[in-house]
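In what follows, a structure is listed as structure tokens, so that the remarks can point back to it.
2 protein chains.
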Amino acid sequence: MSTLSRGKRPRTATYHHGDLHAEILRASGNILEEQGVAGLSLREAARRAGVSHNAPYRHFADRDALLAALAAEGFAELGRVLESAAVQGPRARGEAYVRFALEYPQRFRLMFGGTLRLDAHPALREAASRTYQALVRAFEPLAGSQAAPTAAAAAWALVHGLAQLLLDGHFADVRHAGQSVDAFVRSVLGAVRFARAP
Amino acid sequence: MSTLSRGKRPRTATYHHGDLHAEILRASGNILEEQGVAGLSLREAARRAGVSHNAPYRHFADRDALLAALAAEGFAELGRVLESAAVQGPRARGEAYVRFALEYPQRFRLMFGGTLRLDAHPALREAASRTYQALVRAFEPLAGSQAAPTAAAAAWALVHGLAQLLLDGHFADVRHAGQSVDAFVRSVLGAVRFARAP
DNA sequence: GGATACATGTTGACGATGGCAACATAGACC
DNA sequence: GGTCTATGTTGCCATCGTCAACATGTATCC
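Heads up: the sequence lines are chains G and D, in that order. Our numbering puts the first residue of the first sequence at 759, with every later residue one more than the last. Our numbering puts the first residue of the second sequence at 759, with every later residue one more than the last.
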């Protein structure tokens with residue numbers, strides 16, 4: 759089961775919450791998928807956690823820090839998803855990447871939307887980098903270790919762009935009426951070959 | 759009333775501005791690149807245009823409408839850029855796409871960041887669609903008219919993802935120290951072939 | 001066990017923002 | 001000239017992020 763929870767949680771009536779950090783993350787994650795990043799406010803998160811409007815500040819320096827934490831969660835989950843698709847080969851990994859984006863569209867947009875500068879959040883950069891390293895390793899057998907980094911970059915760019923454009927609805931005209939998203943993704947990924955030689 | 763304008767721009771002393779619509783767009787475009795979409799406020803745009811905080815509402819229904827207009831401008835400009843690179847073939851077009859993103863990063867993010875739903879802004883969808891159609895046409899000679907739509911989709915995804923990931927700084931580790939962005943883009947694009955057969 | 005320090009929540013305030021309503025003014029049209 | 005309408009302005013409100021001051025549990029030390 760996914761770590762990016764979408765649920766609710768019973769709350770104790772004590773003055774101290776117990777695990778407000780996690781609760782705020784959970785509530786924020788819900789709001790994020792419902793309203794998008796622009797609609798996510800600290801105050802609404804606090805409200806949903808049943809806590810005063812300033813309580814979140816004990817756990818997140820500011821709104822940006824909360825967003826960074828949400829994004830880092832996203833990278834970790836994406837890494838897990840890709841990992842578990844690994845056994846089926848690189849192609850399956852690409853499909854899993856797109857599937858993740860479509861399942862958690864707002865999370866995905868937060869992770870890559872440029873709202874957050876990686877430079878400002880080292881933990882975030884590290885999470886993103888780890889995910890990418892896994893991609894590179896996956897491409898070594900496919901393209902030879904020499905060309906692997908470049909091929910991996912191309913592959914990442916391809917699936918990433920595909921996910922993003924799908925999310926934005928830019929392929930609405932292209933997909934023939936009955937074609938499922940999955941089939942479309944497969945056909946697009948199938949239209950590409952990665953060169954061996956540098 | 760004094761005609762001594764203290765603003766940065768010569769502002770006519772008339773009560774009516776003359777072309778506030780264009781001026782707001784201009785000011786907003788500047789703010790956008792300076793601060794990103796989150797930092798763009800109607801009030802700041804009004805301030806820069808030397809006009810009251812509510813004047814923009816005569817020209818844009820709300821903030822979202824202003825953003826949509828900015829994005830539409832962006833799609834038009836991107837279309838122009840791609841068109842003028844067309845003579846040098848599809849590869850050059852791809853490079854031009856990435857160059858556009860790097861030159862106007864915030865504009866690009868606004869166009870594709872998911873802040874705007876295409877469904878809510880028909881004019882925007884049309885502008886985006888036009889740009890995409892041009893891409894498809896460019897790919898017909900390369901992949902045969904049968905496979906063209908799919909190949910074009912793949913090509914768009916590739917350059918789009920490349921642009922996005924470059925913007926976010928995800929390729930920081932990958933690009934060898936001395937390698938220029940242009941060279942990196944060329945090598946990545948060069949690592950990909952588009953299949954002829956469906 | 002009780003006093004004390006510290007982490008965690010709360011209340012209240014401020015300035016900025018998006019947006020509504022009511023009013024003001026300048027051109028256009030008669 | 002007189003009226004209509006598009007365009008700006010002023011004033012206002014709720015919401016938001018964030019700071020400062022205060023309250024309340026929990027842990028620590030004697």
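Glycine is no exception: its CB is placed at the ideal position from the N, C-alpha and C atoms.
Please classify residue i as buried or exposed, where buried requires at least 16 neighbouring CB atoms within 10 angstroms.
i, result
"A878 of chain G", "exposed"
"T908 of chain G", "buried"
"G871 of chain G", "buried"
"E792 of chain D", "exposed"
"A930 of chain D", "exposed"
"T761 of chain G", "exposed"
"P880 of chain G", "exposed"
"R801 of chain G", "exposed"
"V917 of chain G", "buried"
"G936 of chain D", "exposed"
"V845 of chain D", "exposed"
"P956 of chain G", "Because P956 of chain G sits at a pLDDT of 49, beneath the cut-off of 50, its placement in the model cannot be relied upon, and the following sentence gives the value as read from the coordinates. The residue is exposed, with fewer than 16 neighbouring Cβ atoms inside 10 Å."
Select from the options the residue whose C-alpha is nearest the C-alpha of residue i.
i, options, result
"D777 of chain G", "G:S799, G:V809, G:E792", "G:V809"
"Y855 of chain G", "G:F952, G:A913, G:T873", "G:A913"
"A915 of chain D", "D:F929, D:V894, D:Q846", "D:V894"
"N812 of chain G", "G:I782, G:E861, G:L840, G:D926", "G:I782"
"S945 of chain D", "G:F952, G:R816, G:A896, G:D822", "G:F952"
"D926 of chain D", "G:V917, G:A886, G:R801", "G:A886"
"H779 of chain G", "G:A796, G:A823, G:G794, G:G948", "G:A823"
"S938 of chain G", "G:A896, G:R838, G:R857, G:P880", "G:R857"
"A906 of chain D", "G:L840, G:R883, G:G787, G:R933", "G:R933"
"F814 of chain G", "G:A834, G:A785, G:P848", "Residue identity check: residue 814 of chain G is Pro in the sequence provided, not Phe. Cα-wise, what sits closest to P814 of chain G is G:A785."
"A834 of chain G", "G:R883, G:P848, G:L860, G:A910", "G:R883"
"G948 of chain G", "D:A911, D:E841, D:H928", "D:A911"
"V839 of chain D", "D:H928, D:L860, D:D820", "D:L860"
Going by beta carbon distance, what residues of the same chain come within less than 7 angstroms of residue i, once the five residues before and after it are set aside?
i, result
"A941 of chain D", "none"
"L790 of chain D", "L798, L828, Q864, R865, L868"
"V943 of chain G", "E853, V856, L920"
"V950 of chain D", "L916"
"A803 of chain G", "I782, A785, S786, I789, P814"
"L876 of chain D", "L882, R883, A886"
Please return the same chain residues whose Cβ sits closer than 8 angstroms to the Cβ of residue i, not counting the five positions on each side in sequence.
i, result
"Q891 of chain D", "none"
"A843 of chain D", "A850, R851, E853, A854"
"L825 of chain G", "V795, L798, L868, T873, L874"
"G787 of chain D", "L828, E831, R865"
"E841 of chain D", "A892"
"R816 of chain G", "L778"
Round the Cβ separation of residue i and residue j to the nearest angstrom and send it over; I've been treating them as touching at under 8 angstroms.
i, j, result
"L836 of chain D", "T889 of chain D", "6 angstroms"
"A807 of chain G", "P848 of chain G", "A807 of chain G to P848 of chain G, Cβ: 41 angstroms. No contact."
Would the C-beta of residue i count as close to the ligand ADP, meaning under 7 angstroms from any of its heavy atoms?
i, result
"G837 of chain G", "Absent from the structure shown: the ligand ADP. Ligands present: none."
Can you give me the Cβ contacts of residue i inside the same chain, cut-off strictly under 6 angstroms, excluding the 5 residues immediately before and after it?
i, result
"F818 of chain G", "L824"
"R821 of chain G", "L800"
"R805 of chain G", "none"
"Y862 of chain D", "none"
"H928 of chain G", "none"
Which residues of the stretch 873-893 of chain D have a Cβ closer than 9 angstroms to any Cβ of chain G? Give them in chain order. T873, L874, R875, L876, D877, R883, A886, S887, Y890, Q891
Name, going along the chain, the residues of the stretch 938-950 of chain G whose beta-carbon falls closer than 9 angstroms to a beta-carbon of chain D.
F942, S945, V946, L947, G948, A949, V950
Discussion item. To be precise: take each residue of the stretch 794-822 of chain D, compare its Cβ to all Cβ atoms of chain G, and keep it if any distance is under 8 angstroms. Which residues remain?
Written reply: G794, A796
Check distances from the C-beta atoms of the stretch 847-862 of chain D to those of chain G and list, in chain order, the residues that come in under 7 angstroms. For the stretch 847-862 of chain D, which is checked against every Cβ of chain G, not one residue is closer than 7 angstroms.
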